[in-house]
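Protein chains in written order, with this note's numbering: chain D, 823 to 1088; chain P, 4 to 407.
Right, one structure below, let's go through it.
As structure tokens, then:
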């Protein structure tokens, strides 16, 4: 399944249980460098649980995680960050009252010596410079780096959030519904940005409900259904119908009861 | 970045390097200050027409002395407002801290500076305690500091004892609010302020140019420099023609500039804005949100104590009314009137000074006209209400025009 040799991130037999709900059941998942994996599934299929397990927010109960071929434990968000796994959540976690530069460097501000060398002050010039470099590398156009993030469009905000995740020089970037609630041209911008992440040889995991977007961007489509791996397709070979069938489990008689059960849980 | 208030008119700014945009940014960034300055001018005209003493050098000097306590307390309040919180205890804390200083100085013969330090430590300790309770137990700051308001007022009565008032006679303490510098020293201050401001502008601009980030040329900076220089020279000229530049005004200015620097140029200040804007985002960015909150309330308590010391120095005494009356509400109203948002994340420490000037001018002018406290309170309340409405409308505009 991996495009070239060992996958960057490899999960084996990941299980996670919340009380009576088996959110993930022995899931195997992998992403390689320079590969975009679309992670799809119905509501409650376990997409977010899987991403949160990788991000260290809800560590799995069972299963092995390998990063660059090495067995690792991700039990806190910091563990994931240190390994080089960045996550952009759907709510983006931006401060609307701060400008683009401040948001990008939030929590890792660059400082230089202040007046009289007695204190350290923000090095705005350096931060703005690096922001301009990063955004132009990603071909992201923002009217002004000093405009408040709250005044940007949804697509620009998404791009700022993605750019911010790149500051820590990650190897894997996970995006949770990056195109939800975006208009057509903005969706196009964000998909373009994801392509450039692939060109930078990052491993990219994209959660999405929108199959058209997934097919537009992903090399591989990974389907979760009721917490289990329900299919895996090479995007260029598969059709949307096949993926939809895997998502809904249509044509598989035993699923009816399970679907009803899932709706009750939801 | 800076106090935007109603300024974020649209997001359609294009191109990073046009003079037009730089000018626009200058205007937008300072618009709420401009609004307040216009308001001040209107207030001045209204009172000057009815009472010609209003703009006399003597009255303007009095005005500056009258606003130092409110201004100092407001500096701390700005930080609390930036978090989107409120500190209702600052009036009581200022009274209690001043009483501690007075008791130590008068009854126990402490050195003046030690007594002042003890007062500030009391304020800082109270702020730390309230901030810790607020962030640790996730109680609304409103409630924690309301409890504080009552408790510390009780503590003030306790500390003052039966007599209920203490006269301060240590000249080092009373000198804080009653020292005036000679004309020469005043002009030296003016020259130093102008030179320092010029140096900051030039160095900042050169750094941006060398990094290739200069946008719009030096014109906006020159405008700002000329404006500030004229303001400083006019202020010193006026103060010199009365008793001279007061020490209290220099103390207030020092705190405003210093705390504005902390707010806008340090990592801590950036984190205060971030927590006020989106605490969850700040937390996920690795900012220790609770530590920021505790630090801000500690600052608020410390500034309240410093304001209390200044009030005691001016009055030559501490009594049961110290820190009472409408001091608390005026100290909160000032920054809000001048454009610091009650909703957190927007504002600047300058609004502490500007707001105190607005409130002080109204109160001073009404005193000159011998209006009753009934009228004074109603007018001040009306001005506060107007300011809050402007803040709320600005916020709504941001929300409707902000996102596409």
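Glycine included, each C-beta is placed from N, C-alpha and C at the ideal position.
It should be emphasised that the depicted structure is a prediction, and the values quoted were computed from it without experimental measurement.
Residue closest to residue i, alpha-carbon to alpha-carbon, out of the options
i, options, result
"residue 105/P", "95/P, 119/P and 93/P", "119/P"
"residue 865/D", "1059/D, 1030/D and 1000/D", "1030/D"
"residue 863/D", "872/D, 973/D, 894/D and 856/D", "872/D"
"residue 137/P", "294/P, 200/P and 336/P", "294/P"
"residue 877/D", "1005/D, 987/D, 1066/D and 964/D", "987/D"
"residue 186/P", "331/P, 170/P and 242/P", "242/P"
"residue 214/P", "983/D, 985/D and 955/D", "955/D"
"residue 1036/D", "1048/D, 1021/D, 1002/D and 1024/D", "1002/D"
"residue 1011/D", "963/D, 843/D and 1056/D", "963/D"
"residue 234/P", "245/P, 200/P and 207/P", "200/P"
"residue 184/P", "84/P, 337/P, 254/P and 170/P", "254/P"
"residue 261/P", "1022/D, 829/D, 936/D and 874/D", "936/D"
"residue 169/P", "101/P, 273/P, 198/P and 59/P", "101/P"
"residue 162/P", "178/P, 239/P, 385/P and 103/P", "103/P"
"residue 352/P", "306/P, 327/P, 331/P and 381/P", "306/P"
"residue 941/D", "46/P, 311/P, 265/P and 370/P", "265/P"
"residue 189/P", "315/P, 66/P, 281/P and 251/P", "251/P"
"residue 961/D", "904/D, 909/D and 1021/D", "1021/D"
"residue 999/D", "1066/D, 1042/D and 1009/D", "1009/D"
"residue 244/P", "64/P, 40/P and 309/P", "64/P"
"residue 1061/D", "898/D, 1048/D and 1034/D", "1034/D"
"residue 83/P", "338/P, 383/P, 398/P and 110/P", "338/P"
"residue 837/D", "830/D, 972/D, 829/D and 874/D", "874/D"
"residue 387/P", "400/P, 329/P, 141/P and 180/P", "329/P"
"residue 36/P", "342/P, 381/P and 390/P", "342/P"
"residue 1027/D", "911/D, 880/D, 1064/D and 943/D", "911/D"
"residue 384/P", "366/P, 395/P, 300/P and 159/P", "366/P"
Whether residue i touches residue j by CB criterion (7 Å)
i, j, result
"residue 1069/D", "residue 1045/D", "yes"
"residue 1013/D", "residue 1051/D", "no"
"residue 175/P", "residue 115/P", "yes"
"residue 359/P", "residue 144/P", "no"
"residue 268/P", "residue 947/D", "no"
"residue 839/D", "residue 914/D", "no"
"residue 990/D", "residue 857/D", "no"
"residue 130/P", "residue 304/P", "yes"
"residue 347/P", "residue 86/P", "yes"
"residue 66/P", "residue 247/P", "no"
"residue 835/D", "residue 868/D", "no"
"residue 298/P", "residue 236/P", "no"
"residue 285/P", "residue 275/P", "no"
Opposing strand residues paired with residue i [DSSP bridges]
i, result
"residue 168/P", "322/P"
"residue 996/D", "909/D and 1027/D"
"residue 921/D", "970/D"
"residue 1054/D", "1044/D"
"residue 935/D", "942/D"
"residue 892/D", "889/D"
"residue 927/D", "Looking at the DSSP assignment, residue 927/D forms no beta bridge with any residue, so it has no partner."
"residue 183/P", "249/P"
Of all the residues that make up the region 275-290 of chain P, which are near chain D by a beta-carbon distance shorter than 8 Å?
276, 277, 279, 280, 281, 283, 284, 285, 287, 288, 289 and 290
Output needed in chain order: residues of the region 1005-1020 of chain D with a Cβ under 9 Å from some Cβ in chain P.
Taking 9 Å as the Cβ-Cβ cut-off against chain P, the residues of the region 1005-1020 of chain D that qualify are 1005 and 1008.
May I have a chain-ordered list of the beta strand (DSSP E) segments no shorter than 3 residues that lie completely inside the region 827-887 of chain D?
831-840, 843-853 and 858-863
Beta carbons nearer than 7 Å to chain D: which residues of the region 205-228 of chain P have them?
210, 211, 214 and 216
What runs of the alpha helix (DSSP H), each 4 residues or longer, lie entirely inside the region 947-1010 of chain D?
976-988
Short of 8 Å Cβ to Cβ, which residues in the region 308-333 of chain P face chain D?
none
Mind checking the region 337-358 of chain P against chain D and listing, in chain order, the residues whose C-beta falls within less than 7 Å of any C-beta there?
348 and 349
Counting only runs of 4+ residues fully inside the region 39-101 of chain P, write out the alpha helix (DSSP H) ranges in chain order.
60-85
Using a Cβ-Cβ cut-off of less than 8 Å, list which residues of the region 917-939 of chain D approach chain P; keep chain order.
Cβ contacts with chain P come from 917, 918, 919, 920, 921, 924, 928, 929, 930, 931, 933 and 936.
Closer than 9 Å, Cβ to Cβ, to anything on chain D: give me those residues from the region 134-157 of chain P, in chain order.
none
Between the region 942-956 of chain D and chain P, which residues of the former have CB atoms less than 7 Å from a CB of the latter, in chain order?
943, 944, 947, 950 and 951
Could you give the uninterrupted runs of the alpha helix (DSSP H) lying entirely in the region 203-282 of chain P, keeping only those of 4 residues or more?
222-244, 250-268 and 270-280
Below 7 Å between beta carbons is the criterion; list the residues of the region 253-276 of chain P that meet it against any residue of chain D, in chain order.
268, 269, 270, 273 and 276
Under 9 Å (Cβ pairs) to chain P, residues found in the region 893-911 of chain D
Going along the region 893-911 of chain D in chain order, one finds 899, 900, 903 and 911 with a Cβ nearer than 9 Å to chain P.
Going along the region 1031-1053 of chain D in order, which residues come within less than 9 Å of chain P, judged by CB to CB distance?
Only those residues of the region 1031-1053 of chain D whose C-beta falls short of 9 Å from the nearest C-beta of chain P would be listed, and there are none.
Taking Cβ-Cβ distances below 7 Å as the criterion, which residues of the region 982-996 of chain D are in contact with chain P?
none
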